[in-house]
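Trainee: This is the structure, below, for whatever I ask next.
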Amino acid sequence: MWDAVEKKFGRDGIEAFHRLTLLTLIAQFDERSKSKGYSPSILSRFVHSFQRIFDAIQDPAFEHYKTVGDIFLKDLALCRQRMFPAGAQIVVPQSSFHRALFYRGGIGQMSKFAALMSKTGGNKNWFQIHTHLLELEDFNPNGWDECYLRIADMLAIYPSVRGMWGGSWFYDPALEEVSPRLSYLRKVPAENGAYVFYSNIDIDGGALATSESRKKAYESGNYLPKSYSLMWPRRAMLDWAKEKRSQGQT
Ligand SMILES: CC(C)(COP(=O)(O)OP(=O)(O)OC[C@H]1O[C@@H](n2cnc3c(N)ncnc32)[C@H](O)[C@@H]1OP(=O)(O)O)[C@@H](O)C(=O)NCCC(=O)NCCS
Numbered sequence: 002m003w004d005a006v007e008k009k010f011g012r013d014g015i016e017a018f019h020r021l022t023l024l025t026l027i028a029q030f031d032e033r034s035k036s037k038g039y040s041p042s043i044l045s046r047f048v049h050s051f052q053r054i055f056d057a058i059q060d061p062a063f064e065h066y067k068t069v070g071d072i073f074l075k076d077l078a079l080c081r082q083r084m085f086p087a088g089a090q091i092v093v094p095q096s097s098f099h100r101a102l103f104y105r106g107g108i109g110q111m112s113k114f115a116a117l118m119s120k121t122g123g124n125k126n127w128f129q130i131h132t133h134l135l136e137l138e139d140f141n142p143n144g145w146d147e148c149y150l151r152i153a154d155m156l157a158i159y160p161s162v163r164g165m166w167g168g169s170w171f172y173d174p175a176l177e178e179v180s181p182r183l184s185y186l187r188k189v190p191a192e193n194g195a196y197v198f199y200s201n202i203d204i205d206g207g208a209l210a211t212s213e214s215r216k217k218a219y220e221s222g223n224y225l226p227k228s229y230s231l232m233w234p235r236r237a238m239l240d241w242a243k244e245k246r247s248q249g250q251t
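Structure (structure tokens):
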């Protein structure tokens, strides 16, 4: 359908179509969210994301709704409520991860993966986090803590969700050496009950996109980007959130 619209009305036509789709979905938010059960902290993030989308629509220099790329698809997913915004990350509410992780990191990973499965009951029905390049203003240690707290609020509403998981080059323990500034992303969950598993070599996953120092380390053979998956079981995440809130974090 998108191809047909673009063929008939050109790039401006498809952009208008995408904008109208997003606005229509936002206008239907109350109706479409009735069966969802969002926490107040997540509802406030929807308001933030929708305001950002309104601003983008009114900005003549904004190009990302002219093409079907990562940014448009993530905004569409937010407007369709296929994902919910949590601040530093956006979240797929019903996701699963590959059981093949069991085989990818040697014997130690096998036993850790088996422990995770026995603790949480399976690889299905997890919240999956993703980075949205238009919502990076909270991509810092405090912003991520706030994001975990919002996700914990959603775990409390959905008792059948087994926890939160994400896959990224930024969970690689090698960042301790290459980009220590980012090692909080793995450390905070891992030191509070999360599991980390090696997944695959990941040259194009974003590790080399923004950082000259990682690019140089890669080119000199001192760094090979690898993707790791991090799973934070619900009980451990909720315990962390309770502790954090008892220290006054909102
Ligand atoms: C994930 C991402 C948002 C993290 O951004 P970030 O917090 O700015 O961290 P980065 O290490 O990427 O920073 C890139 C550059 O910004 C600057 N920078 C970032 N944080 C800084 C800080 N606190 N102080 C000074 N400079 C800083 C540095 O120049 C750094 O380059 P360097 O590594 O050569 O020093 C960013 O790497 C990114 O957009 N990547 C591409 C998309 C991606 O990977 N998405 C995730 C897919 S799973």
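For the sequence shown, position 139 (counting from the first letter as 1) is numbered 140 according to the working numbering, and the numbering increases by one without interruption.
Where a beta carbon is used, it is the ideal one built from N, C-alpha and C, also for glycine.
(1) Nearest chain B C-beta to Leu21 closer than 9 Å, yes or no?
(2) Using the Cα positions of Ser1 and Glu178, report the straight-line distance between them to the nearest angstrom.
(3) Can you give, in chain order, each stretch of the alpha helix (DSSP H) that sits fully within the segment 56-106 and has at least 4 residues?
(4) What do you reckon, are the CB atoms on Trp170 and Trp127 nearer than 9 Å?
(5) Expressed to the nearest angstrom, what Euclidean distance is found between the alpha-carbon atoms of Ile141 and Glu147?
(6) Rounded to whole angstroms, what is the Cα-Cα separation between Arg215 and Phe10?
(7) Is DSSP giving His49 helix, strand or coil here?
(8) Pick out whichever of Trp233, Met118, Leu135, Leu176 has its Cα sitting closest to the Cα of Leu77.
(9) Applying the 10 Å Cβ sphere with the 16-neighbour rule, what's the burial state of Trp145?
(10) Counting along the chain, where does the beta strand (DSSP E) carrying Met155 start and finish?
(11) In the DSSP assignment, what are the bridge partners of Trp127?
(12) Rounded to whole angstroms, what's the CA-CA distance from Gly123 to Arg105? Just pull it up for me.
Mentor: Put simply:
(1) The structure shown contains no chain B; it is built from a single protein chain.
(2) In the structure as shown, the chain starts at 2 and stops at 251, and residue 1 therefore has no counterpart that could be examined.
(3) 71-81, 102-105
(4) Stepping through the sequence shown from its first residue, residue 170 is reached at position 169. Stepping through the sequence shown from its first residue, residue 127 is reached at position 126. Not in contact: Trp170 and Trp127 (Cβ atoms no closer than 9 Å).
(5) The residue given as residue 141 occupies position 140 in the sequence shown. The residue given as residue 147 occupies position 146 in the sequence shown. Note that residue 141 corresponds to Asn in the displayed sequence, not to Ile. Their Cα atoms are separated by approximately 10 Å.
(6) Looking up residue 215 in the sequence shown gives position 214. Looking up residue 10 in the sequence shown gives position 9. Taking the Cα positions, Arg215 is about 43 Å away from Phe10.
(7) Residue 49 sits at position 48 when you count from the first residue of the sequence shown. The answer is helix: DSSP assigns His49 an H, G or I state.
(8) Looking up residue 77 in the sequence shown gives position 76. Selected option, being the one with the closest Cα: Leu135.
(9) For the purposes of this step, residue 145 is taken as the residue at position 144 of the sequence shown. By the 10 Å Cβ count, Trp145 comes out buried.
(10) If you number the sequence shown from 1, residue 155 lands on position 154. Unbroken run through Met155 is the alpha helix (DSSP H), 142-158; no beta strand (DSSP E).
(11) For this step, residue 127 is matched to residue 126 along the sequence shown. DSSP, once it has assigned bridges, lists Ser96 as partnering Trp127.
(12) If you number the sequence shown from 1, residue 123 lands on position 122. If you number the sequence shown from 1, residue 105 lands on position 104. Taking the straight line from one Cα to the other gives about 18 Å.
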